[in-house]
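Before any comments, here is the structure.
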Amino acid sequence: MTTETVHVPLGGRSYDITIGSRLIDQAGALLKPHLKRPRTVVVTDENVFVTQGERLREGLASAGVDADFITLAPGEATKSFGELEKLTARLLDLGVEREDVIIAFGGGVIGDLTGFAASVLRRGCRFAQIPTTLLAQVDSAVGGKTAINVPQGKNLIGAFHQPVAVIADIASLDTLPMRELKAGYAEVVKYGLISDPGFFHWLENNGPALLEGDDAARIQAIKKSCEAKAAIVGADEKEKGKRALLNLGHTFGHAFEAHFGYSNKLLHGEGVALGMALAFDYSVSEGLCPASDADRVKAHLNSTGLPAEIADLKSNITGDIIAKYMMQDKKVEQGKLTLILAKAIGDAFIAKDADLSRVTAFLKEKTGE
Ligand code: NAD
Ligand code: GLY
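So for the sequence shown, numbering that gives the first Met the number 0 puts the first residue at 0; every next one is plus one.
Following this line, the structure appears as structure tokens:
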């Protein structure tokens, strides 16, 4: 099985993403060049610890790297100030030094919390990402966004803090529940929709094999996704411009996630899938995009079981409620929405000044009001 490397070009903060099968077993050898001393602290959650923990411990030990494990409760609630306080205290008690490398071992929840803890511990220490969900392997572990949630909203307290390395082991996906895998797949589709129609076409043909466990398809899709993200992050690390394209589907999607209380009634990737379908449908309704492209997007999402219509949620949410949540988006400026819309599959663009009344009318039509 081939191992692929994607470089994230950020000058002194550059790093490589290594993608392959059973890389967790080689984590010590892969990380050793980054370690100033042969010890680390692994932050993980209970599900990942039970299914993958021993493999990582052995993978580190086989290269002579000693590791303490901190195992947290799984779920979005772990991305909180309370958990950050406990985690940083534990890391300090374990004697973590600024030049040590903390390992974030899990999905986006563990990656975001651990990355943020690393960004503030001793005014910034180093960390590596070993993502174990598809969503984290193609999105959250790459690009240095770290955050916790507060009552005012999701990801509102955080920092840009790049890892020193990312190791994406597709073997870890074997224990991931299918629903989580599909939610991560929505983020893979996103890269095709933003700028790569050829990749979207490839996914139409190879997506089912990827979801069923085809290793080569998984490695190829993760590599293409990471290349796309690395190019955008390399050009716009702090989201002053084109990095916003990565939010395709997110403004619509976040509204539904908020409505369901960020619970497992709607996973983040499921919200993104529905949001991308709505972004394409809204682009069609504004005369920007051919209807046939939106139909292709929805057909592909639906074929994998991801939601592509509001009706798929089986909820009585109204257009006004969705619009109200959308106006809480962090990209709202002077009452105007910024949306990521599309001229075609693979041709997304940033639309500033989206008119809320038109968006609301579109949503009401969608909800059948
Ligand atoms: P998650 O971290 O909650 O993981 C999903 C579930 O899968 C959890 O129950 C976890 O315990 C379990 N799990 C993880 N790996 C497993 C494995 N290999 N086998 C069995 N179970 C496993 O969710 P996620 O979808 O990975 O991440 C979502 C989070 O990522 C959200 O908080 C979101 O805000 C954040 N995010 C951040 C960025 C970013 O750029 N930083 C981008 C997208 C999403
Ligand atoms: N997931 C969006 C970003 O990293 O910018």
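C-beta: ideal position from N, C-alpha, C; glycine also.
- Where H6 is concerned, the enclosing beta strand (DSSP E) starts and stops at 3-7.
- The Cβ atoms of G274 and G252 lie closer than 8 Å to each other.
- Relative to the non-hydrogen atoms of ligand 2, the Cβ of K239 never comes closer than 7 Å to any of them.
- Residue side-chain check: D138 places its Cβ nearer than 7 Å to a non-hydrogen atom of ligand 2.
- Residue pairing by DSSP puts D15 in a beta bridge opposite H6.
- For G233, the three-state secondary structure derived from DSSP is helix.
- In this structure, L245 keeps its C-beta atom at 8 Å or more from the C-beta atom of A276.
- A Cβ-Cβ contact shorter than 8 Å links D111 with S139.
- Where L340 is concerned, the enclosing beta strand (DSSP E) starts and stops at 336-343.
- In the displayed model, G157 falls within a strand according to three-state DSSP.
- From the listed residues A290, I218, L90, the smallest Cα separation to G114 is found for L90.
- For ligand 2, a non-hydrogen atom lies closer than 7 Å to the CB of R242.
- DSSP, read as helix, strand or coil, puts F80 in helix.
- As for any beta strand (DSSP E) of minimum length 3 sitting wholly inside the region 45-123, the runs are 65-71, 100-105, ordered along the chain.
- In the DSSP assignment, N148 falls within the beta strand (DSSP E) that extends over 144-149.
- Every alpha helix (DSSP H) stretch that sits fully inside the region 237-285 and reaches 4 residues is listed by chain position as 249-258, 267-284.
- In this structure, T70 lies away from G107, with their beta-carbon atoms at least 8 Å apart.
- Only residues of its own chain outside the window of five on either side were considered, and among them K241, R242 have a CB closer than 7 Å to the CB of D235, listed in chain order.
- Within the DSSP secondary-structure output, E332 pairs in a beta bridge with K335.
- In this structure, DSSP gives Q327 a state outside helix and strand, which the three-state scheme calls coil.
- Distance from the CA atom of I349 to the CA atom of D195, rounded to whole angstroms, is 16 Å.
- Going by beta carbons, G304 and A278 fall outside the 8 Å limit.
- According to DSSP, residue pairing for T39 in a beta bridge involves A66.
- DSSP places K313 in the coil class of the three-state scheme, outside both helix and strand.
- Between the alpha carbons of R125 and I344 lies a gap of roughly 38 Å.
- For V141, no pairing in a beta bridge is given by DSSP.
- By the Cβ-count criterion, V149 is exposed, with fewer than 16 other Cβ atoms from all chains shown falling within 10 Å of its own Cβ.
- Positions of the beta strand (DSSP E) runs, each at least 3 residues long and wholly inside the region 190-224, cannot be given because no such run exists.
- By the neighbour-count criterion, in which 16 or more other beta carbons inside 10 Å mark a residue as buried, A76 falls on the exposed side.
- Boundaries for A360: no beta strand (DSSP E) harbours it, while the alpha helix (DSSP H) harbouring it runs 355-366, taken from the DSSP string.
- In this structure, the CA atom of T87 is about 13 Å from the CA atom of I109.
- Taking a contact as a CB-CB distance under 8 Å, the pair G143 and F159 counts as one, their CB atoms being some 5 Å apart.
- Look at G27 here: in three-state DSSP terms it is helix.
- Under the DSSP assignment, D292 falls in the alpha helix (DSSP H) whose first and last residues are 290-302.
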